[in-house]
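Q: Numbering (our numbering), first residue to last: 1 to 248.
Think of the CB as a built atom: it goes at the ideal place given N, C-alpha and C, for glycine as much as any other residue.
#1: Measuring CA to CA, which of 159, 193, 48 is closest to residue 101?
#2: How about residue 324 and residue 96: do their beta carbons lie closer than 8 angstroms?
#3: According to DSSP, which residues form a beta bridge with residue 73?
#4: What do you get for residue 246, buried or exposed, if any count of 16 or more other CB atoms within 10 angstroms of its CB means buried?
#5: Who are the near neighbours of residue 243 in its chain, counting only those whose CB is closer than 7 angstroms to its CB and skipping five residues on each side?
#6: If you draw a straight line from the C-alpha of residue 228 to the C-alpha of residue 5, how long is it?
#7: Between residue 191 and residue 154, which are expected to be in contact by the criterion C-beta below 8 angstroms, what is the C-beta distance as a whole number of angstroms?
#8: Assign residue 103 to one of two classes, buried (16 or more other C-beta atoms within 10 Å of its C-beta) or exposed (fewer than that).
#9: Report the three-state DSSP secondary structure of residue 30 (helix, strand or coil).
#10: Given a cut-off of 8 angstroms on the beta-carbon distance, is the pair residue 186 and residue 204 in contact?
#11: Would you list the residues sitting across from residue 19 in a DSSP beta bridge?
#12: One question on the structure: do residue 92 and residue 79 come within less than 8 angstroms of each other, judged by their Cβ atoms?
#13: Tell me which same chain residues have a C-beta within less than 7 angstroms of the C-beta of residue 43, skipping the five on either side of it?
#14: According to the Cβ coordinates, are residue 33 and residue 65 closer than 8 angstroms?
#15: Quick one: is the Cβ of residue 155 within less than 7 angstroms of any heavy atom of the ligand NAP?
#16: Which residue marks the beginning of the beta strand (DSSP E) containing residue 155, and which one marks its end?
#17: Just how far apart, CA to CA, sit residue 87 and residue 119?
#18: Between which residues of its own chain and residue 165 is the CB-CB distance below 6 angstroms, once the five residues before and five after are set aside?
#19: Is the beta carbon of residue 40 less than 8 angstroms from the beta carbon of residue 12?
#20: Using the beta-carbon count (16 or more within 10 Å), is residue 202 buried or exposed?
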């Protein structure tokens, strides 16, 4: 089986690492840079920083946090939230980010994906999708950290996003996010079947079985974890050891 990535997801509001349920409410966890260093030392393949209120307030506050993080962390870092222009992307990359995740701005201006991809490369261009189950076999795209409906079908949008230049998909199940009861396997399978670019599955991981299922059943290329790490249910190293036993 191909190499799969274990990613630590860090949702940030202002200076704080937070954890939400269904992308709503929050509990302050601590200093995001310190947690990033902890997860890096424990073997995270990548880090994912998401500014949870950036779209709401029209700005991203992660530049200083990313600069601090990259002094001691040497794995790829993806940053998302409130990034609306090529200039925003450039500033974030100059601060130390390796990839940029775009959701709300891409829905408002899909051509932004093409502009980013042409300027910085498809490998830098991550289409972030917040998906809610419509319980009719389809999922709807939401924006603004799961606050706003779009009427976009997730599968149709992911195909369009990849055709416009997205080189990777960050797929967050709003329904499963924060509850640690398992990922939305049907969603992950449907998206991974629709496009050939790597899929990062996010939302719902509460134990190692959920990671294993996302990879083997959902065909995810990577799994982003937050709850399981923040609340010390597992560590990156123990997750790796347990799923390695199954040949991953």
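A: According to the structure shown:
#1: Residue 101 has its Cα closest to that of 48, out of 159, 193, 48.
#2: Residue 324 is absent from the structure shown; the chain starts at 1 and stops at 248.
#3: Residue 73 pairs with nothing; no bridge assigned.
#4: It counts as exposed.
#5: Excluding positions up to five away in sequence, the list reads 208, 211, 212.
#6: Separation of residue 228 and residue 5 (C-alpha to C-alpha, rounded to the nearest whole angstrom) is 16 angstroms.
#7: Yes, residue 191 and residue 154 are in contact; Cβ-Cβ is about 7 angstroms, under 8 angstroms.
#8: Buried.
#9: Residue 30: strand per DSSP, three-state reduction.
#10: Their beta carbons are not under 8 angstroms apart, which means residue 186 does not touch residue 204 by this criterion.
#11: According to DSSP, residue pairing for residue 19 in a beta bridge involves 27.
#12: Yes, these two residues count as a Cβ contact at 8 angstroms.
#13: Result list for residue 43: 236, 237, 240, in chain order.
#14: Yes. Within cutoff.
#15: With respect to the ligand NAP, the structure shown offers nothing to examine, as it has no ligands at all.
#16: First-last for residue 155: 154-163, but that is the alpha helix (DSSP H), not the beta strand (DSSP E).
#17: Answer to the nearest angstrom: the Cα atoms are 11 angstroms apart.
#18: Scanning its chain for C-beta atoms nearer than 6 angstroms, with the 5 sequence neighbours on each side dropped, one finds around residue 165 the residues 113, 114, 117, 122, 125, in chain order.
#19: At the C-beta level, residue 40 and residue 12 stay beyond 8 angstroms of one another.
#20: Classification of residue 202: buried, given that the 10 Å Cβ count is 16 or more.
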